[in-house]
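Right, one structure below, let's go through it.
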Amino acid sequence: MDRKKAITLAVKMIKKNPIVSANGYISRDLFTVGDKTTNFYMIGSMGLASSIGLGLAIKNPKKRIFVFDGDGNILMNLGSLATIGSIKPRNLIHLVFDNNSHESTGGQPTSTKSINIAKIAKSTNFKVFLTKNESGLEKVLDKIKKMHGPIMIVIKIKNSDNVSERVPIEPLKIKRRFSRYLN
Amino acid sequence: MKELTQKQVFDYLFNNGIENFVGVPDSTMKYFIDQGIKRNKVLIATREEEAIGIATGFALSNSPSLVFMQNAGFVNSLSTITSLVQLYKIPLIFLIGWRGYKKSDAPEHLKIGKIQPKIIKSLGLKSKIIDDHNWKKVCEWALQQHKKSTLCALIIKRE
Chain Z
14 MDRKKAITLA
24 VKMIKKNPIV
34 SANGYISRDL
44 FTVGDKTTNF
54 YMIGSMGLAS
64 SIGLGLAIKN
74 PKKRIFVFDG
84 DGNILMNLGS
94 LATIGSIKPR
104 NLIHLVFDNN
114 SHESTGGQPT
124 STKSINIAKI
134 AKSTNFKVFL
144 TKNESGLEKV
154 LDKIKKMHGP
164 IMIVIKIKNS
174 DNVSERVPIE
184 PLKIKRRFSR
194 YLN
Chain G
15 MKELTQKQVF
25 DYLFNNGIEN
35 FVGVPDSTMK
45 YFIDQGIKRN
55 KVLIATREEE
65 AIGIATGFAL
75 SNSPSLVFMQ
85 NAGFVNSLST
95 ITSLVQLYKI
105 PLIFLIGWRG
115 YKKSDAPEHL
125 KIGKIQPKII
135 KSLGLKSKII
145 DDHNWKKVCE
155 WALQQHKKST
165 LCALIIKRE
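Residue numbers (the numbering used here), protein chains in the order written: chain Z, 14 to 196; chain G, 15 to 173.
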């Protein structure tokens, strides 16, 4: 399963719940497969999607907040797992699309081949799921529907040549429409 | 800044609508942070960039937020400030401890302390130095900036 397939499936299951997506190919794919006002495309500030998601989760306890992250992104902000784990937001669901690489900068390796993100998340109070294919991802997304967070789903994906376009929406517009939806 | 003033600054901002105080501790403003912890309004992050990310989530939810940090953490966060806070015009108030303001401060703070005003100017970040005498007026200014959705910074000197 490549990232676009995984994101397509996740978007279908998540429906209208808010999503914060990490910079790079993740935001591009999310825009391409299902642009919605409930998506916050974080086009810069690498590593911070999980932190923005935490802020949203604390202030919107009745909404399920989804974070679409990459392995490179979360490795840059592992501290956020400690902070999230100490606050334990029940409505935060963190999807990590893990291809063991910084794909959007040329496919350089990350350390997720040798270390276990799922174990790190588990030790910081996340409920953790690991999936490798579409049927697995579908099952997990269904299973967590009524489960309390924080939840992390690590989705092992393969790299592909199918690259989505850059998010063409102005950052200010991304913010305004997202904020309008929330408030 | 005196202990009493720091506590007054916290209470003034809190009583005038700032709901969240997120950051990484700095001894320059320890009484300010203590007051916030006492009021259960402080969230301590692992890094300043993380604090800015969390505060962005609050701000997107229309909940006014201040991010506190030492200047070392402020300069660590330059990319986050330009590519998130300024790019998306996220309304936040920064409170920055100015280590290295005096040449007698510890050596690791001196270079940043010296170039800090230039960095703030280059960023186009609106800022004011807050002290024991002007604190109320400066807080009022910061609240006005926040109402206009403008990012601004309050600077506390390490005397």
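All residues carry an ideal CB built from backbone N, CA and C; glycine is no exception. Note that the coordinates shown come from a computational prediction; the quantities given were computed from them, not determined experimentally.
Helix, strand or coil: which one does DSSP assign to residue i?
i: V176/Z; result: coil
i: F142/Z; result: strand
i: A167/G; result: strand
i: G111/G; result: strand
i: P39/G; result: coil
i: S114/Z; result: strand
i: I133/Z; result: helix
i: H147/G; result: coil
i: S118/G; result: coil
i: T34/Z; result: A small correction: the amino acid at residue 34/Z is Ser; Thr does not occupy that position in the sequence shown. Reduced to three states, the DSSP call for S34/Z is strand.
i: I106/Z; result: strand
i: I128/Z; result: coil
i: R172/G; result: coil
i: K162/G; result: coil
i: Y29/Z; result: Here the sequence assigns Lys to residue 29/Z, which means Tyr is not the residue at that position. The answer is coil: DSSP assigns K29/Z none of H, G, I, E or B.
Tell me the DSSP bridge mates of residue i?
i: S79/G; result: N34/G
i: Q84/G; result: G111/G
i: D48/G; result: Per DSSP, none; premise fails for D48/G.
i: Q121/Z; result: H115/Z
How far does the beta strand (DSSP E) with residue i in it reach, from first residue to last?
i: S141/G; result: 140-143
i: I182/Z; result: Run containing I182/Z: none; DSSP gives neither H nor E here.
i: M165/Z; result: 164-169
i: L27/G; result: Unbroken run through L27/G is the alpha helix (DSSP H), 17-29; no beta strand (DSSP E).
i: L101/G; result: Run containing L101/G: none; DSSP gives neither H nor E here.
i: I95/G; result: No beta strand (DSSP E) contains I95/G, which DSSP labels as neither H nor E.
With respect to the alpha helix (DSSP H) encompassing residue i, which residues constitute its N-terminal and C-terminal limits?
i: I157/Z; result: Element bounds for I157/Z: n/a, residue is neither H nor E.
i: I58/G; result: Here I58/G belongs to no alpha helix (DSSP H); instead the beta strand (DSSP E) covers 56-58.
i: S136/G; result: 121-137
i: E63/G; result: 62-74
i: R53/G; result: Premise fails: R53/G is in no alpha helix (DSSP H) and is neither H nor E.
i: M14/Z; result: Counting along the chain, M14/Z falls outside any alpha helix (DSSP H), and DSSP gives it neither H nor E.
Tell me, to the nearest whole angstrom, how far the beta carbon of residue i is from that of residue j; I am working on the premise that it is less than 8 angstroms.
i: K21/G; j: Q49/G; result: 4 angstroms
i: I95/G; j: L137/G; result: 7 angstroms
i: I106/Z; j: I39/Z; result: Going by Cβ atoms, the distance from I106/Z to I39/Z rounds to 15 angstroms, so no, they are not a contact pair.
i: I32/Z; j: N52/Z; result: 5 angstroms
i: P102/Z; j: L154/Z; result: Not really, about 18 angstroms apart at Cβ, beyond 8 angstroms.
i: I144/G; j: A86/G; result: So it is not a contact: roughly 19 angstroms between Cβ atoms.
i: L185/Z; j: K103/G; result: 6 angstroms
i: C166/G; j: I107/G; result: 6 angstroms
i: I166/Z; j: T144/Z; result: 7 angstroms
i: E151/Z; j: T45/Z; result: With a Cβ gap of about 20 angstroms, E151/Z and T45/Z do not count as contacting.
i: I32/G; j: S79/G; result: 7 angstroms
i: R41/Z; j: N112/Z; result: Contact flag wrong, Cβ pair sits at about 14 angstroms.
i: I170/G; j: T42/G; result: 5 angstroms
For a contact defined as C-beta to C-beta under 9 angstroms, what are the partners of residue i on chain B?
i: A35/Z; result: Absence of chain B from the displayed structure is noted, the protein chains being Z and G.
key: Residue ranges of each alpha helix (DSSP H) within the segment 39-100 of chain Z, 4 or longer   = 62-72, 84-89, 92-100
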